[in-house]
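Novice:
Here is the structure:
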């Protein structure tokens, strides 16, 4: 059952990335190109994607946290922690890579089936970066899982 | 704003939000793509079958839409191959170090009013905008 639900979730997520055209790096870069605001070429679509997502996700998180558990098991919501250097350095590194190419992880996965060579190369490099993180920088010790350190 | 597509952006965003809602209400998990990919790289992850299914759905969605006759957007990667490789490594390492990406921090984190996620989103957006500005208007301008 969790596997079926996860598959449905991935399908809906991927449909959203496709409908909103966020799978296209050029569309994302047109949002990040803020010089376009003055030139009249700025594409604010990405902000509307986030707004549309938050309008649905925020009530769902409210309900989930009130209930204290999910339909198929316990809730794994990361503990609230203070801002730290890892978060800041990681976010800036991610932003630099995002600005260089226009792919973030979700679209990089959904773009795989389109057959663009550079999309496949990007995905492989991204997994490589994640593997390097696991090898040299991941927190070690009992009780800490990937779910604990994800947003 | 020649290419601004507010309606498809809102509709697609709502679908992404729906997916994040199904994941938290059904499975109790944060629908963060970088976190899911990262934990698949860890040995002995108990959630691996569900996480593989999520990734398979992400890949299959546009293919199924295309097969059903829906118009698919073009994928335009204008960056050079070396930039694609460097960018991919930075996105992979950075999202794991920072604990999330556009979905985990930008959607799920902000949806529960996490200040960490709000700060991370502001930082990666600012860094991305700065890189695009330099690439297009300082070096490329």
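Protein chains in written order, with our numbering: chain A, 1 to 151; chain B, 1001 to 1141.
Ideal Cβ placement from N, Cα and C applies to all residues, glycine included.
Are the Cβ atoms of residue 101 (chain A) and residue 122 (chain A) separated by less than 7 Å?
Specialist: The count along the first chain starts at 1 and reaches residue 101 (chain A) at position 101. The count along the first chain starts at 1 and reaches residue 122 (chain A) at position 122. Taking 7 Å as the Cβ cut-off, residue 101 (chain A) and residue 122 (chain A) qualify as a contacting pair.
Novice: When you compare each of A:22, A:31, A:19 to residue 40 (chain A) by their alpha carbons, which one comes out closest?
Specialist: Translated into the one-based positions of the first chain, residue 40 (chain A) becomes position 40. Minimum Cα distance to residue 40 (chain A) is reached at A:31.
Novice: Would you list the residues sitting across from residue 1066 (chain B) in a DSSP beta bridge?
Specialist: As a position in the second chain, residue 1066 (chain B) is number 66, starting the count at 1. According to DSSP, residue 1066 (chain B) bridges with nothing at all.
Novice: Roughly how far, in whole angstroms, is the beta-carbon of residue 119 (chain A) from the beta-carbon of residue 1075 (chain B), given that I think they are within contact range, below 8 Å?
Specialist: In the first chain, the residue the question calls residue 119 (chain A) occupies position 119. In the second chain, the residue the question calls residue 1075 (chain B) occupies position 75. Approximately 6 Å separates the beta-carbon atoms of residue 119 (chain A) and residue 1075 (chain B); this is inside 8 Å, confirming the contact.
Novice: Thinking residue 1091 (chain B) and residue 104 (chain A) are a contact (beta carbons under 8 Å), I'd like their distance in whole angstroms, please.
Specialist: Within the second chain, numbered from 1, the residue matching residue 1091 (chain B) stands at position 91. Within the first chain, numbered from 1, the residue matching residue 104 (chain A) stands at position 104. With a Cβ gap of about 7 Å, residue 1091 (chain B) and residue 104 (chain A) count as contacting.
Novice: Using the beta-carbon of each residue, which ones in chain B are nearer than 7 Å to residue 38 (chain A)?
Specialist: Mapped onto the first chain, residue 38 (chain A) falls at position 38. By Cβ distance, chain B contributes nothing, its closest Cβ being about 11 Å from residue 38 (chain A), past 7 Å.
Novice: Cα separation between residue 1099 (chain B) and residue 1105 (chain B)?
Specialist: As a first step, residue 1099 (chain B) is located in the second chain; it is residue number 99 there, counting from the start. As a first step, residue 1105 (chain B) is located in the second chain; it is residue number 105 there, counting from the start. If you take the alpha carbons of residue 1099 (chain B) and residue 1105 (chain B), they lie about 8 Å apart.
Novice: For a contact defined as C-beta to C-beta under 7 Å, what are the partners of residue 2 (chain A) on chain B?
Specialist: Within the first chain, residue 2 (chain A) is the residue found at index 2, counting from 1. Close to residue 2 (chain A), with beta-carbon spacing below 7 Å, are these residues of chain B in chain order: 1027, 1050.
Novice: Less than 8 Å between C-beta atoms, sequence neighbours within five positions excluded: which residues of the same chain meet that for residue 70 (chain A)?
Specialist: Counting from one through the first chain, the residue named residue 70 (chain A) turns up at place 70. If we look at residue 70 (chain A) and ignore the five residues flanking it on each side, its Cβ neighbours are 64.
Novice: Relative to the C-alpha of residue 109 (chain A), which residue among A:16, A:99, A:35, A:1 is closest?
Specialist: Taking the first residue of the first chain as 1, we reach residue 109 (chain A) at position 109. Minimum Cα distance to residue 109 (chain A) is reached at A:16.
Novice: How about residue 34 (chain A): is its C-beta nearer than 7 Å to some C-beta of chain B?
Specialist: Working through the first chain from its first residue, we reach residue 34 (chain A) at position 34. Interface residue, yes.
Novice: Is there a C-beta anywhere in chain A that falls below 7 Å from the one on residue 1068 (chain B)?
Specialist: Taking the second chain and counting its residues from 1, one reaches residue 1068 (chain B) at position 68. It does not; no Cβ of chain A falls within 7 Å.
Novice: Can a CB atom of chain B be found closer than 7 Å to the CB of residue 68 (chain A)?
Specialist: Residue numbering aside, residue 68 (chain A) sits at position 68 when the first chain is read from its first letter. Output row for residue 68 (chain A): interface = no.
Novice: Residues in the same chain with beta-carbon distance under 7 Å from residue 107 (chain A), minus the five sequence neighbours each way, listed in chain order, please.
Specialist: Walking along the first chain from the start, residue 107 (chain A) turns up at place 107. Hits under 7 Å: 17, 22, 23.
Novice: The region 103 to 117 of chain A: which residues have C-beta closer than 9 Å to a C-beta of chain B, in chain order?
Specialist: 103, 104, 105, 106, 107, 108, 109, 110, 111, 112, 113, 114, 115, 116, 117
Novice: According to the neighbour-count rule (16 or more other Cβ atoms, all chains shown, within 10 Å of its Cβ), is residue 1080 (chain B) buried or exposed?
Specialist: Here the question's residue 1080 (chain B) lines up with position 80 in the second chain. Counting Cβ neighbours within 10 Å, residue 1080 (chain B) comes out exposed, since fewer than 16 surround it.
Novice: Note down, in chain order, every chain A residue with its Cβ under 7 Å from the Cβ of residue 1128 (chain B).
Specialist: Looking up residue 1128 (chain B) in the second chain gives position 128. Under the 7 Å cutoff, chain A gives 32, 95, 98, 99.
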